[in-house]
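Take a look at the structure set out below.
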Ligand SMILES: Cc1ncc(COP(=O)(O)O)c(C=O)c1O
């Protein structure tokens, strides 16, 4: 049994999630997507071992790193990859940005489905490309893609690239094989390459099954994965970029080198290898714990007018607050609970908040008590 109940003090000056807000001493931060749980013990031991050596020179992941990643994907998703189908970069968002730069030209259109993780938009516009935004449709309380509308916009805007989020942040969808296939087919038909951000792929709940887009789209996609959300090691900044399309990988790699991004740092290599080698039992218990936390939110929100979108994956709960004005701001000032504002996720997110429930259950309960007191 792992301990997810204890509270670990994160009040250090460099902690983003716990950043001090003037005038608030009892803040409960449930916004940025990292967890308040300690990483698996084997990851901590490995990082301590590496730190204890006292030499922190340039590093490069070796075959044992690749082996740990490859085995993880085989075991968890029955997905066969080889070492030469993978490059390593210090972050998924960085990889999205590189992909946009090397796979499209100035003013080309890139499609995203909003609401979605805010930096998708930034990676497109910041690189001088044009956005084609398609809104996910809320069908019976969960998000779906309107395939006809998607195809129409692709043709209309001559879209070149799709940035896809799977599982979906913030809606928590774990896309089905049929959905993935349909999206992939439209892309293939119109020459649209897919960048699939699968950073949340290990955080799948209630027996749902994540299918890597690569198993469906083959060499028409690149998959961006990382151990960072799964094992709460976002601060070590490590991502694996995987594709059967060697040309695309080479282009991204070249762009990374041009901009001075060279593989992973020593801690990133050590933590990733340890997490994928030893972390599975910890992850199994973590997922059950998160399901328990979501159950608390579900129960507490009953009859409040706040409507939770049932997540199928992630530790993020997307809540429709249409009945309350400026709700995220009120939660901060009146309840001292910091949540992510829906507008961060673009179109369709305006009336929502996103609640990160990857924290001890006692904290979730206290937060819900405070939230309800604001209503
Ligand atoms: C969908 C998605 N992609 C990427 C990231 C960030 O990845 P990285 O820290 O590796 O850039 C997040 C973090 O919340 C995310 O939710």
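Residue numbers (the working numbering): 52 to 426. From the three backbone atoms N, C-alpha and C, an ideal C-beta is built for every residue, glycine too.
- Take the alpha-carbon of residue 337 and the one of residue 183: they are about 37 angstroms apart.
- Distances between the C-beta of residue 322 and the heavy atoms of ligand 1 are all 7 angstroms or more.
- Cβ atoms of residue 112 and residue 327 stay farther apart than 8 angstroms, at about 12 angstroms.
- DSSP, reduced to helix, strand and coil, places residue 226 outside both helices and strands of the structure shown, so it counts as coil.
- In the DSSP assignment, residue 378 falls within the unbroken alpha helix (DSSP H) covering 378–381.
- Within the model, the alpha-carbon separation for residue 419 versus residue 156 is close to 47 angstroms.
- Straight-line measurement puts the Cα of residue 79 at about 29 angstroms from the Cα of residue 96.
- Around the beta carbon of residue 149, 16 or more other beta carbons lie within 10 angstroms, which makes this residue buried.
- Beyond the five residues adjoining it in sequence on each side, residue 63 comes within less than 8 angstroms, by CB distance, of 69 in the same chain, given in chain order.
- Just measuring C-alpha positions, the residue of 380, 347 and 292 sitting nearest residue 426 is 380.
- Each residue's CA atom was taken as its position, placing residue 103 and residue 146 some 31 angstroms apart.
- 8 angstroms or more divides the Cβ of residue 234 from the Cβ of residue 259.
- The C-alpha of residue 393 is placed about 28 angstroms away from the C-alpha of residue 273.
- In this model, residue 203 and residue 238 are separated by some 12 angstroms (Cα to Cα).
- For residue 163, the beta-bridge partners assigned by DSSP are 184 and 214.
- Just measuring C-alpha positions, the residue of 407, 342 and 385 sitting nearest residue 76 is 385.
- Here residue 355 has 423 and 426 as same chain residues with Cβ atoms under 7 angstroms from its own Cβ, once five neighbours each way along the sequence are excluded.
- Counting only residues of its own chain and dropping the five nearest sequence neighbours on each side, residue 280 has a CB closer than 7 angstroms to the CB of 84, 250, 251 and 254.
- The beta carbon of residue 144 lies closer than 7 angstroms to those of 170 and 174 in the same chain, with the five residues before and after it left out.
- Residue 368 has its alpha-carbon roughly 8 angstroms from the corresponding atom of residue 404.
- Proximity of the beta carbon of residue 168 to ligand 1 is indicated: a heavy atom of the ligand is located closer than 7 angstroms.
- Of the residues 209, 196 and 208, the one whose Cα lies closest to the Cα of residue 227 is 196.
- Between ligand 1 and residue 150, a heavy atom-to-CB distance of less than 7 angstroms is absent.
- Rounded to whole angstroms, the gap between the alpha carbons of residue 376 and residue 358 is 14 angstroms.
- Taking residue 178 as the centre and dropping the five residues before and after it, the same chain places the C-beta of 148, 151 and 152 closer than 7 angstroms to its C-beta, in chain order.
- In this structure, the straight-line span from the alpha carbon of residue 142 to that of residue 158 is close to 25 angstroms.
- Cα atoms of residue 364 and residue 201: separation of roughly 24 angstroms, rounded to the nearest angstrom.
- Of all C-beta pairs linking the region 128–138 to the region 338–352, fewer than three are shorter than 8 angstroms, placing the two stretches out of contact.
- If one requires a minimum length of 3 residues, the beta strand (DSSP E) runs lying completely within the region 243–307 are 244–248, 272–276 and 290–293, in chain order.
- A distance below 6 angstroms between beta-carbons, with the five flanking residues on each side excluded, links residue 325 to the following residues of its chain, in chain order: 93, 94 and 97.
- Distance from the CA atom of residue 267 to the CA atom of residue 166, rounded to whole angstroms, is 24 angstroms.
- For residue 422, the enclosing alpha helix (DSSP H) stretches over residues 412–425.
- Here residue 317 is buried. Its C-beta has 16 or more other C-beta atoms within 10 Å.
- Short note on residue 112: C-beta not closer than 7 angstroms to any heavy atom of ligand 1.
- Counting C-beta atoms within 10 angstroms of its own C-beta, residue 172 has 16 or more neighbours from the protein chains shown and is therefore classed as buried.
- The Cβ-Cβ distance between residue 295 and residue 275 does not fall below 8 angstroms.
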